[in-house]
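Residues -25 to -1, 1 to 378 in mature numbering (1 follows the signal peptide of the UniProt record, and there is no 0) are what the sequence shown spells out, letter by letter. Beta carbons are placed, not taken as given, at the ideal position from N, Cα and C, and that holds for glycine. In this text, all values refer to a predicted model and were calculated from it rather than measured experimentally. Inspection log for the structure reproduced underneath, given as structure tokens.
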Amino acid sequence: MIRFQETFKASILLFLLSLTSIVKAAETPDAIYGDSLQISLLTCGPGKEVYSLYGHTAIRFHDVRNQQDLVINYGMFSFAQKNFILRFIFGLTDYEMGIIPFDAFMKEYKREHRWVIEQVLNLSSADKRSIAMAIDANYLPENRVYRYNYFYDNCTTRARDLLANNIQGTVVYKSTPNTQTTFRSEIHQWNRQQLWARFGNDLLLGIGADQNLTPEAQQFLPDSLRKDFQTAIIRYQNGKERPLVAATHALYWPQEKTVAFSLTSFLCSPFAFIALLFLITMSVWLLRKRVPKSYFWVVQAVRLLTGLCGILLTMMLFSQHPTVRLNLQILFLNPLNLLFFVPKLRQSKRFNQVMAGCYVLACVGALFQTYAENVFLVAFILLFIQVATMKESNIIPRTQHGQ
């Protein structure tokens, strides 16, 4: 999912000149759509930006007869949209279909050192005409904008549907699906080097992201669709079959760089941050008699941090993003933790019991949902602090020994 704002503006004139020949495509007899027109699926490698970590999918429309080489791209968006960040948080981001010159498309990916693989589709003249007409219809002003949904309606699923739904036969996928994979495990394959992005994703994704996926649902990722297309066939009503992909080419493949272990990166990772938080909290607890004020403020800092995270997770309850509403991490990354800054509530037996119950349920919830890396330690910290505080405040009766 990539932006082409500058490229799009620079190539708008060329696009307008090319658009007339696409429109003519709908009026051209099927016989014309022979070897002169190639329609391909383009799969692009990941980038460095968070929004490009998972790659990109587009469609190449190469008409040699009309000297037309265009890319149909469903990943157009702009950070300049009004309230973009707020709309993105609540799953209200609009993407749109764009058409840009192939050369401009490739220039952008070469500049970012992202690989591009082309799969030339094995289509009949009727298939090509049908797809050309669908492109025309999709690019109408009333159709080109769509409500983006990362898992179910993105640049990859849009490209797949435009192609598969406009082929005369039925596309049958032959690849062996992994029936045990989930949305979370699928994206983990692509964000393992971006530790904070991975942590943020896992923090926001709820229990729905840990449900097993159907083979079709797994195609939300560009490279998953590429692999499925590679072995797919087109099956016609008369029983005849043919491969969906006629040829595959690596249009650009940059030299891969080996990512070496970096102590600095590790020390700045979510794992190290939470481990340090755990060590500090346990240390001041052991020294609480000597440094009671330090212990109090460290505990309050943990509650503040988790409470602020809880506000974000509470906002997700109203988001249109899939799999974020039911998130068991909200039991300890809880906005109610902020109420510990109210002295009366901090001393309330009922309030402390409720919060202790939340932390216990959060620990149990880890059996049903994959929590963000090492964040389970935070749940343990809160539960430990809560039990210790309740015992010292006699909210939990101390164990009596002897008579």
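- Listed as beta-bridge partners of N187 by DSSP are T157.
- Around the C-beta of D177, 16 or more other C-beta atoms lie within 10 Å, and the residue is accordingly described as buried.
- Taking the Cα of F343 as reference, the smallest distance to any Cα among L303, V362, K324 and I360 is reached at L303.
- M108 and G22 have their C-alpha atoms some 32 Å from each other.
- If you check the CB distance, Q13 and V46 do not come in under 9 Å.
- The C-alpha of L238 lies about 48 Å from the C-alpha of V146.
- The segment 45 to 87 is shown to contain whole alpha helix (DSSP H) runs of 4 or more residues at 59 to 64 and 77 to 86, in chain order.
- Excluding sequence positions up to five before and after Q275, its CB lies within less than 8 Å of the CB of F315 and F316, all in the same chain and listed in chain order.
- DSSP places P267 in the uninterrupted alpha helix (DSSP H) bounded by P267 to M291.
- R135 is classed as buried because its beta carbon has at least 16 other beta carbons within 10 Å across all chains shown.
- Taking 9 Å as the cut-off, the Cβ atoms of I74 and I110 count as close.
- S244 and E348 have their C-alpha atoms roughly 10 Å apart.
- If you compare the alpha carbons of Q194, Y49 and Y121 with that of G66, the shortest gap goes to Y121.
- Per DSSP, N129 has no beta bridge partner at all.
- For F315, there is no enclosing beta strand (DSSP E), since its DSSP letter is neither H nor E.
- For A222, the secondary structure class from DSSP, reduced to helix, strand or coil, is strand.
- Here L96 is near S15, since their CB atoms are less than 9 Å apart.
- Around the Cβ of D78, a 10 Å sphere holds fewer than 16 other Cβ atoms; the residue is exposed.
- A Cβ-Cβ distance of about 6 Å is found for the pair G30 and D198, placing them in contact under the 8 Å criterion.
- In the DSSP assignment, A33 falls outside any alpha helix (DSSP H) and lies within the beta strand (DSSP E) extending over H31 to D38.
- Note that the C-beta distance between D102 and I64 is not below 9 Å.
- Taking 9 Å as the cut-off, the beta carbon of A363 is found no closer than this to the beta carbon of A354.
- Here M291 is not near N312, since their CB atoms are 9 Å or more apart.
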